[in-house]
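Using my numbering, you'd call the opening residue of the sequence shown number 2 and step up by one each time. Cβ atoms here follow ideal geometry from the backbone N, Cα and C, with glycine treated the same way. Shown next, in structure tokens, is the structure this report addresses.
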Amino acid sequence: MDQCVNVERELEKVLQQFSSYGQHCDKILEIEYTSSLKQQISQTADRELSGTLSLVLSQCCKRIKDTVQKLASDHKDIHSSVSRVGKAIDKNFDSDVSSIGIEGCWQSENQRLLSEVMVEHFFRQGMLDVAEELCQEAGLCIDPSQKEPFVELNRILEALRMRDLRPALEWASVNREMLMAQNSALEFKLHRLYFISLLMGGPANQKEALQYAKNFQPFTENHQKDIQVLMGSLVYLRQGIENSPYVHLLDSNQWADICDIFTRDACALLGLSVESPLSVSFSAGCIALPALINIKAVIEQRQCTGVWNQKDELPIEVDLGQKCWYHSVFACPILRQQTTDNNPPMKLLCGHIISRDALNKMMSGSKLKCPYCPMEQVPADAKQIYF
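Below you can see the structure in the form of structure tokens.
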């Protein structure tokens, strides 16, 4: 992030220079002065120029020449500023990231898994043609039932961006029971937004708005106050909602919010994450990349090549921030290491939990004494647990 800030700082300097350069050009070229001079010359086209006008013209030519030279000099300074942006990029970003790649990590089954993740990402983005082309080139056979939900989701989202609520309302009505089971307010917010669009039509829509208010009946228990506010706004319909205490109902950000709410609830019904796994992985990689490049350079400098030779683990802990925390992590209290698929957490008979590696190291023959209580037990009685 610091690298991006450094480059952005240099870029802002260039943009400021361009802006001031443009203002400087408009100021010193004196367009009005040259235009009036041109008009005087055109009026004397059929006769010789007067001595005064000739002197003024020669002075004007000299002034323009000096101005152009000054502008050319200033333009060279902008070139040097632009080159500094390039140097800042080279300084703050490592162009060669292949040094931290692991050979063979995207072969066979992993390559197929990556292709499937990319196809799902393109489906999510509504790029159906790209996804189908990738399926053909990668030799994937995607069930049409996997594509249909994304097609419908993108169709509804596109309609919402065009401020058409009907497709979303139809979808919410069909899935009402499942949405209510998740305590979703999506359908109510869609009806609310449609009601507000009627209010914006003024007194001409009053009868239609009152008729449409019947759609709020299933939501009176959980959204009573919101419904009261909507009905209260009808009092100010003649003078205009924008001139009333209910002007907040016209906030344009509601359309962006309804898109986010629909995406979140629709993905929850489909059993999908709100964000594409590919986008999340890419963002996490961008955060981790500088630290990995630095540790790789240290490893090569100190010739500790054996420190990082595993495909499923890193030589250092990389903090990706709370945004990338998706599940609980158990660290063995004995070995002080995070458990993995090859070294899972094991629950002892006494209820204490340690890693499998710790259990194997603490075994004494066919007996195991818990490190936290005096209970002795058979190691085979320990059970693997899942977080």
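Review point. Roughly how many angstroms separate the alpha carbons of Glu377 and Met347, rounded to a whole number?
Key: About 15 Å.
**Study point:** Whole runs of the alpha helix (DSSP H) within the stretch 159–202, excluding any shorter than 4 residues
**Key:** The DSSP assignment places complete alpha helix (DSSP H) segments of no fewer than 4 residues inside the stretch 159–202 at 167–175, 177–182 and 187–200, in order along the chain.
Practice item. Grab the span of the alpha helix (DSSP H) containing Met119 for me, first residue to last. Key: Counting along the chain, the alpha helix (DSSP H) containing Met119 begins and ends at Ser109 to Arg125.
Practice item. Could you name the residues that DSSP lists as bridge partners for Gln385? Key: Looking at the DSSP output, Gln385 bridges to Met347.
Practice item. Whole angstroms is fine: what's the gap from Pro150's alpha carbon to Asp144's? Key: Whole-angstrom Cα-Cα distance: 12 Å.
Check your understanding: Using the rule of at least 16 other Cβ atoms within 10 Å of the residue's Cβ for burial, across every protein chain shown, is Val6 buried or exposed?
Key -> Burial call: exposed.
Practice item. Return the CA-CA distance between Met179 and Glu188, expressed in angstroms with no decimal places. Key: Met179 and Glu188 have their C-alpha atoms spaced approximately 11 Å apart.
Practice item. Round the Cβ separation of Leu349 and Cys333 to the nearest angstrom and send it over; I've been treating them as touching at under 8 Å. Key: Approximately 12 Å separates the beta-carbon atoms of Leu349 and Cys333; this is outside 8 Å, ruling out the contact.
Practice item. Note down the Cα distance separating Arg125 from Leu251, rounded to an integer number of angstroms. Key: The alpha-carbon atoms of Arg125 and Leu251 are separated by roughly 30 Å.
Review point. Quick one: what does DSSP say Glu209 is sitting in, helix, strand or coil?
Key: Glu209: helix per DSSP, three-state reduction.
Check your understanding: How should Arg193 be labelled, buried or exposed, when 16 other C-beta atoms within 10 angstroms of its C-beta is the threshold for buried?
Key -> It is buried - the Cβ of Arg193 has at least 16 other Cβ atoms within 10 Å.
Practice item. Pair every Cβ in the stretch 130–142 with every Cβ in the stretch 112–122, then say whether three or more of these pairs are closer than 8 Å. Key: Touching, yes.
Practice item. Whole angstroms is fine: what's the gap from Ala267's alpha carbon to Leu154's? Key: Whole-angstrom Cα-Cα distance: 7 Å.
Point to revise | Coarse secondary structure for Gln240, derived from DSSP in three states | key: In the structure shown, Gln240 adopts coil according to DSSP, grouped into three states.
Practice item. Tell whether a beta-carbon distance below 8 Å holds between Phe196 and Leu238. Key: Not a contact, by the Cβ cut-off of 8 Å.
Review point. In its own chain, which residues sit with a C-beta less than 6 Å from the C-beta of Asn206, not counting the 5 before and 5 after it?
Key: If we look at Asn206 and ignore the five residues flanking it on each side, its Cβ neighbours are Leu199.
**Study point:** Collapsed DSSP secondary structure at Leu369 in the structure displayed
**Key:** In the structure shown, Leu369 sits in a strand (DSSP, three-state: E or B).
Exercise for review: Between the Cα of Asn361 and those of Ala383, Gln225 and Gln302, spot the shortest distance and give me the residue it belongs to.
Suggested key: Taking Asn361 as reference, the option from Ala383, Gln225 and Gln302 with the minimal CA-CA separation is Ala383.
**Study point:** Neighbourhood of Leu12 by C-beta, 7 Å cutoff - its chain only, sequence neighbours within 5 removed
**Key:** For Leu12, where only same-chain residues beyond five positions count, the Cβ hits under 7 Å are Val86.
Practice item. Determine the DSSP secondary structure at Ile335, reduced to helix, strand or coil. Key: The answer is coil: DSSP assigns Ile335 none of H, G, I, E or B.
Practice item. Within 10 angstroms of the Cβ of Val248, are there 16 or more other Cβ atoms? Answer buried if so, exposed if not. Key: So Val248 counts as exposed.
Practice item. Please classify Phe263: is it buried, with 16 or more other beta-carbons within 10 angstroms of its beta-carbon, or exposed? Key: Classification of Phe263: buried, given that the 10 Å Cβ count is 16 or more.
Check your understanding: For Ile354, which residues does DSSP report across the bridge?
Key -> The partner list for Ile354 (beta bridge, DSSP) reads Lys348.
Point to revise | Residues bridged to Gln378 (per DSSP) | key: According to DSSP, Gln378 bridges with Leu369.
Check your understanding: Which of the three DSSP states, helix, strand or coil, is assigned to Leu251?
Key -> Three-state DSSP puts Leu251 in a helix.
Practice item. Report, in whole angstroms, the separation of the C-beta atoms of Met364 and Pro345, which I expect to be a contact under 8 Å. Key: So it is not a contact: roughly 17 Å between Cβ atoms.
Check your understanding: For Glu276, which of helix, strand or coil comes out of DSSP?
Key -> Glu276: coil per DSSP, three-state reduction.
Check your understanding: Is Leu16 buried or exposed, if buried means 16 or more other CB atoms sit within 10 Å of its CB?
Key -> Looking at its Cβ environment, which holds fewer than 16 other Cβ atoms inside 10 Å, Leu16 is exposed.
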